[in-house]
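Convert by adding 380 to the 1-based position in the sequence shown; the result is the number in our numbering. Heads up, the thing below is written out as structure tokens.
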Amino acid sequence: MSAPRGKVVLVGAGPGAPDLVTLRGLAALREADVVVYDSLAPAELLDEAPPGAERIDVGRRGHDAPTRSQGDIAQLLVDRAKAGQRVVRLKGGDPYVFGRGGEEGSACAAAGVPFEVVPGVSSAFAVPAFAGIPLTDRRHAASFAVVTGHKDPSAPRERLDLEGLARAADTLVILMGMRNLESLVARVLAGGRDPRTPAAAVMDGATARQRTVEAPLEELPRRVREAGLGAPAVVVVGDVVRLRPELAWFERLPLFGARVLVTRPREQAGPWLAALRAAGAEARAVPMIRIEPVADDAAAARALRELDRYDAVLLGSANAVRELARRAQALGVPLEGRRPAVLCVGPATARAAREAGLRVDAVPGERFDADGLFEAVRAALPIAGRRFLLPRAAGGRERLAERLREAGGEVHALDLYRSAPACAEPSPLRAALAAGEFDTLTFASPSAVRGFAALLDEEARGAARRCTVAAIGPVTAEALAEVGLPADVVAERADAAGLVEALAAHRAGARRDP
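Dropping the structure here:
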């Protein structure tokens, strides 16, 4: 039997923000056996590969020496594909825009290895856009040119006609030009550009670390040095730079500059990541817990088959909804159109319940916790003498069940799942905290808090205390206080939008009162 035929997929990762990768690029990552990546590819995208996929760093940052030669990288791709593996070559920006993707494609073609190309969003136009600089505008520019500044522009055999492009193109975009910026600017001026032409350098574009320096062209190298800008950066020369004060949207977002750790389980982190990134933050999921089903199928089967004997089902988390729906589907027991009233602790849980086919009768108006759910129950129906089903996490808080029993209700607590530690190796998290990769830590449950605290050593704990610590609600805030990380921010609404609003208000207050 012949070995499975592998292939190479050259994927453009985009310029910095992980949500700029294409759907096709994500699909390739999620099927990869091996991911060969550059340092400019967003680290968050590596999390999209299957847990067992091998991840190989072959990149460099700025002008540091590469970890492997280009020939070695090409041979690695060929060898792994010939071994039957699905290889994703993840490259910052677009593989065919100064990304050497053509060379790697040629190596695959010469070796008879199938390959594909997934174009990416190039930093040539994305980074200026995030800095508020369009490359063309009917009022200022009808053409643009993109060049590499990586080679020495003063070298005798330099073939780039930078002087000619300076005359021909309204907007000039220079990639990888920070090392040679003075020589590059001198050549652009020699091509006839006005020394007062607006120019800008954008470092770490489309990330929370984005910094932009604007200056007249002749002053740009000095101003860049004074500001301490370095690679990676994009330089833009042309009248379109005048539009930046009006169009610099990204840096005005409420969470611009925030570097946020999301500790939710990976399958639940998506809405938080999306909301945080939409508000300008750089957000990364490092799950502290994973959700595991409790093995007592007999109890779940009995409760589901006798569901109509209950007066109400009280759902305290989206995890409880998903696990209840999974058990019902496995048993062939429909959830749609059942007799009991359904009450949910908050909007996210209610959304999950509706997606599972349940009719949601009530959600607390303000407090999205056990006390808020109890008040919603009391407003919806008499409690004394009624039967309540509480699908929940094993080992969870008893407050809701206790209050219902005190009010005369009959409570059946159904343990469907448990939270287990998800991060077995503490070193990467400790190193990231110590290096200042995060300035904001977010928590959605006491179990995530406990999982996080268990991974900290003394140095990492000190780094965590220097971060802004945010809790989804008062119960999680209590857990943070118990482990010595008091919450700076507590969301008023227990969902992604509520968390973003609370963080934005906290940051705005910090800016007013430094």
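Heads up, the beta-carbon is just placed ideally off N, CA and C, and yes, glycines get one too.
For Val722, the secondary structure class from DSSP, reduced to helix, strand or coil, is strand. As computed with DSSP, Asp427 is found in no beta bridge at all.
When the five nearest sequence neighbours on each side are left out, the beta carbons in the same chain lying within less than 8 Å of the beta carbon of Gly765 are those of Gly788, Gly789, Glu790, in order along the chain. DSSP places Ser449 in the coil class of the three-state scheme, outside both helix and strand. Comparing alpha-carbon positions, the option among Leu794, Arg719, Gly752, Arg573 lying closest to Ala683 turns out to be Leu794.
Ala733 sits close to Val701, with the two beta carbons spaced by under 7 Å. For Glu428, the CB contacts under 7 Å within the same chain, skipping 5 residues up- and downstream, are Leu406, Leu409, Arg410 in chain order.
Within the model, the alpha-carbon separation for Val740 versus Glu606 is close to 59 Å.
A residue is called buried when at least 16 other Cβ atoms come within 10 angstroms of its Cβ; Pro720 meets this threshold and is buried.
The criterion of a C-beta distance shorter than 7 Å is satisfied by Val388 and Cys488. Between Leu635 and Val829, the alpha-carbon positions lie close to 23 Å from each other. Judged by DSSP in its simplified three-state form, Arg624 adopts helix. A distance below 7 Å between beta-carbons, with the five flanking residues on each side excluded, links Gly544 to the following residues of its chain, in chain order: Gly571. In the DSSP assignment, Ser523 falls outside any alpha helix (DSSP H) and carries neither an H nor an E.
In the DSSP annotation of this structure, Val415 is not part of any alpha helix (DSSP H); the continuous beta strand (DSSP E) holding it starts and ends at 414-417. The residue among Asp452, Gln450, Gly472, Thr447 with its C-alpha nearest the C-alpha of Val391 is Gly472.
Around the beta carbon of Arg644, 16 or more other beta carbons sit within 10 angstroms, so the residue counts as buried. Around the beta carbon of Trp629, a 10 Å sphere encloses fewer than 16 other beta carbons of the protein chains shown; the residue is thus reported as exposed.
For Gly485, the enclosing alpha helix (DSSP H) covers residues 481-490.
Between the segment 871-879 and the segment 844-852, the count of C-beta pairs closer than 8 Å reaches three or more; the two stretches touch. Contact annotation: Thr592 and Ala611 have beta-carbon atoms that are not nearer than 7 Å.
The alpha carbon of Pro826 has as its nearest neighbour, out of Thr820, Asp819, Ala834, the alpha carbon of Ala834. Around the beta carbon of Leu711, a 10 Å sphere encloses fewer than 16 other beta carbons of the protein chains shown; the residue is thus reported as exposed. As summarised for the segment 513-601, the continuous beta strand (DSSP E) elements at least 3 residues long and confined to that stretch are 524-528, 551-555, 578-583, 591-596, given in chain order. Following the DSSP letters along the chain, one finds Val507 inside the alpha helix (DSSP H) bounded by residues 503-510.
Burial check for Glu594: the Cβ neighbour count within 10 Å reaches 16 or more, so the residue is buried.
As DSSP reads the structure, Thr729 sits in no beta bridge. Assignment of beta strand (DSSP E) within the segment 808-855, counting only whole runs of 3 or more residues, yields 820-823, 848-851 in chain order. Non-local beta-carbon contacts of Gly660 in its own chain, meaning distances under 6 Å to residues more than five positions away in sequence, involve Leu633, Leu635, Phe636 in chain order. Annotated three-state conformation of Pro673 is strand, per DSSP. Excluding residues up to 5 positions away in sequence, Pro596 lie with their Cβ nearer than 6 Å to the Cβ of Arg576 in the same chain.
Rounded to whole angstroms, the separation of the alpha carbons of Pro430 and Val477 is 28 Å. Of all C-beta pairs linking the segment 801-815 to the segment 764-780, fewer than three are shorter than 8 Å, placing the two stretches out of contact. Going by DSSP, Glu496 is part of the beta strand (DSSP E) stretching over 495-498. Within the same chain, Cβ atoms closer than 6 Å to the Cβ of Arg707 are found at Ala680, the five residues on either side in sequence being excluded. When DSSP states are grouped into helix, strand and coil, Phe636 belongs to the coil group.
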